[in-house]
Structure formats: structure tokens, C-alpha cells
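Counting in my numbering, the sequence shown runs from 204 upward without gaps. Okay, structure first, notes after.
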Amino acid sequence: MLNRTVMFAKQHAPESMRVLARRAQLEAHNTRLRLTVPVVERCEYVNIYHCAVRKTASQWIKSLFSDPIAYRYSGLLTYDPRFYNWSHPRVCPPNRIALSLFFSRKRFDTTPKPDAHRAFFVYRDPRDLVVSSYFSTKDSHGPMGDVLEVRRNLREKSKKDGLLYLVDHLARKGTFNAVRSWVKAPSTAEVALFRYEDLVGPDQAAQVDRLFRHCGIIVPPAEMATLLDRYSFGRMNDKKGAGAVSHYRKGEAGDWRNHFDDDITEAFNRATGNLLTLLGYDEPAALSETELRRPATT
Numbered sequence: 204m205l206n207r208t209v210m211f212a213k214q215h216a217p218e219s220m221r222v223l224a225r226r227a228q229l230e231a232h233n234t235r236l237r238l239t240v241p242v243v244e245r246c247e248y249v250n251i252y253h254c255a256v257r258k259t260a261s262q263w264i265k266s267l268f269s270d271p272i273a274y275r276y277s278g279l280l281t282y283d284p285r286f287y288n289w290s291h292p293r294v295c296p297p298n299r300i301a302l303s304l305f306f307s308r309k310r311f312d313t314t315p316k317p318d319a320h321r322a323f324f325v326y327r328d329p330r331d332l333v334v335s336s337y338f339s340t341k342d343s344h345g346p347m348g349d350v351l352e353v354r355r356n357l358r359e360k361s362k363k364d365g366l367l368y369l370v371d372h373l374a375r376k377g378t379f380n381a382v383r384s385w386v387k388a389p390s391t392a393e394v395a396l397f398r399y400e401d402l403v404g405p406d407q408a409a410q411v412d413r414l415f416r417h418c419g420i421i422v423p424p425a426e427m428a429t430l431l432d433r434y435s436f437g438r439m440n441d442k443k444g445a446g447a448v449s450h451y452r453k454g455e456a457g458d459w460r461n462h463f464d465d466d467i468t469e470a471f472n473r474a475t476g477n478l479l480t481l482l483g484y485d486e487p488a489a490l491s492e493t494e495l496r497r498p499a500t501t
């Protein structure tokens, strides 16, 4: 009953009310960390920036970096600029981790930042991104931005037609081009790219440790194991309770194979061009070299 009530409130409360509630939760959480968690080691960087596109486990990453263990070994509190109407001139105050910045690389590069900073971008197989976005938008995502309009369209269509619609919608929104912008950008010491599949795969402990070390946060192995167990997808889904619609679903790499057919694959390939090859996933099938060189839809 409680889970259904929370879900109803999430889906029907005005966005302004939800933003205020999330801001209050974040400030209360950070206050508890400052008052109750001793800092063992402070991070050398003034700011850390978590950049992504939607449906790349941003809520899971937010949980990791918001945990007392991360604070204990960094002294950095988390910050979501969406809860503050993007009012800070540098997007994020000093000594904070800016979470879930859905930026293109160009926008990130032009954002004022301190010299001592680190950033990371998480990407995943964009076919899985489409499938995850389909189920999330149709069933569970909070009604922010254009979610309600897209949800209405998805619920009026069959799954196949909904996936075809969503491929086009994501292309028009620039989601695929945003991923492309990060992968094609010149490499720098400040910015590192991480694959979702590596962060949640069998070598998870080493990959998440690599992510944290890039950010200047050194977590002892035993506490890293505790952190990852605390936020395993299975455990986070269990918190939803029986019968709840899971925002995390399976989290499985390759789930797109259960939902794509030839028509969806063709539409996806035309919308994304050579993005799969650029990311190191399977090369798109059924497209000529001329079509692969064609710019993706904006």
C-alpha cells in the first residue's frame, strides 16, 4: 500500500512540488552526513561532474556517490542542480559532486569549472538505452519534461510501434548525438568515459573502483564490497516491494534482443548511423557505407 501511494504521488504531484521535496531530501541527507560521518580522507578535486544521457544507470550512480562511504573517503557532498533551478553560476558549488548532468560534451566544455576537477561520462549500448527508455517512460518515470506526452503516445501504440516512435523521438531530442559528442571528443586527463556494461558486469568491483579513483576517491576493498552490495540492482528493486513497477528493471546488457525485430533494427540504424561501431558495440547491419556516413538525425 505504501509503495503504491508513493508511486501515485510521484506520478501526480506537480513538478514544482516534487522539485522542492527532492531539494529538501537532498539537504537533509547532506546535513546528516556532515554531522554523523567522519571524513577519513579528503578528495583533491574541488568538483566532480557525473555526465550522462538518460537510462544509463544515473540513479544507481547517484546512490553510490551519495552514500556515507563515498563521503567518508572524499569529504564531498552531492548536488543536483535541477533541484536549485540551475541557479549556481558554475552549475555546482565548490566541494560537491554534481550528479546526473545530461549534457552534450560541447555544453560541458563551455560550463565554468574549477581547475581542480574531474568528470566522467557513462554510456551503454544505445539499443538497450531505447528499450530501457521505453519501459521507464511508459510505466514508471516521474512526469518531468515531455514524459507525459511521450507516455500517452506509447500507451496508445503496440510495443513495436512504440519502440519505433521512441527511436525517432530520441533521435529528434539529440540523445544519440549527445553520446556521439562525448565519444568523439579528444581525450583529456580530466574526463573519463565508462561503459554501463562494465560498471554492472562481472568485473564490477574493479570497474567501479577505477571510476572512484578517477574521481580521486580511494575506497578500501571491503567497504567497496559493502557499497556495491548495498546498491545491487536486486536489492534496489526489493526496496520497491512486491508488485511495484521497477525503475531499474533488469539492468541486463543485451536485453534489446528480446524486443528488437528487423523493422526496429533498421529504424534504429538509420537514426544512429555508425554510433554502435563508434562505441565499440556491434556494427549496424543492413546499411550501406553511404548510409553509415550519413549524419544522424538531429
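Beta carbons: idealized from backbone N, C-alpha and C, even for Gly.
Here Gly-365 is buried: its Cβ has 16 or more other Cβ atoms, across all protein chains shown, within 10 Å.
If only complete runs of 3 or more residues are kept, the stretch 386-415 shows the beta strand (DSSP E) at 394-398, in order along the chain. Membership of Asn-250 in the beta strand (DSSP E) is indicated by the continuous run 250-255. Cβ neighbours of Lys-309 within its own chain (closer than 8 Å, five residues either side excluded): Ser-384. Following the DSSP letters along the chain, one finds His-291 in no alpha helix (DSSP H), marked with neither H nor E. Its chain contains Met-427, Ala-428 and Leu-431 as the residues whose beta carbon lies nearer than 7 Å to that of Ala-408, once the 5 sequence neighbours on both sides are disregarded; these appear in chain order.
Within the model, the alpha-carbon separation for Pro-315 versus Tyr-287 is close to 17 Å. Annotation note: the stretch 336-363 contains the following uninterrupted alpha helix (DSSP H) runs of length 4 or greater, listed N- to C-terminal: 350-359.
For Tyr-368, the closest C-alpha among the options Glu-469, Pro-389, Val-403 and Leu-414 is that of Glu-469. Around the beta carbon of Ala-425, a 10 Å sphere encloses fewer than 16 other beta carbons of the protein chains shown; the residue is thus reported as exposed. A Cβ-Cβ separation of about 5 Å places Ile-300 in contact with Leu-279 under the 8 Å criterion. Remark: fewer than three beta-carbon pairs, one from each stretch, lie closer than 8 Å, so the stretch 369-378 and the stretch 391-407 are not flagged as touching.
Out of Ile-420, Ser-361, Leu-481 and Val-403, the CA that lies nearest to the CA of Ser-269 is found in Ile-420. For Ser-266, the enclosing alpha helix (DSSP H) has its first and last residue at 261-269. For Leu-431, the uninterrupted alpha helix (DSSP H) segment begins and ends at 424-433. Per DSSP, the continuous alpha helix (DSSP H) segment holding Ala-470 begins and ends at 465-475.
Where Thr-313 is concerned, the enclosing alpha helix (DSSP H) starts and stops at 308-313.
Excluding five sequence positions before and after Pro-297, the CB atoms of its chain that fall closer than 8 Å to its own CB belong to Val-249, Asn-250 and Pro-317, given in chain order. Leu-279: not part of any alpha helix (DSSP H); DSSP gives it neither H nor E.
With contacts defined as CB atoms closer than 8 Å, Ala-456 and Glu-400 qualify as a contacting pair. Using a Cβ distance threshold of 8 Å, Phe-324 and Cys-418 do not count as a contacting pair. Counting every other CB atom within 10 Å of its CB across the protein chains shown gives Pro-423 a total below 16, marking it as exposed.
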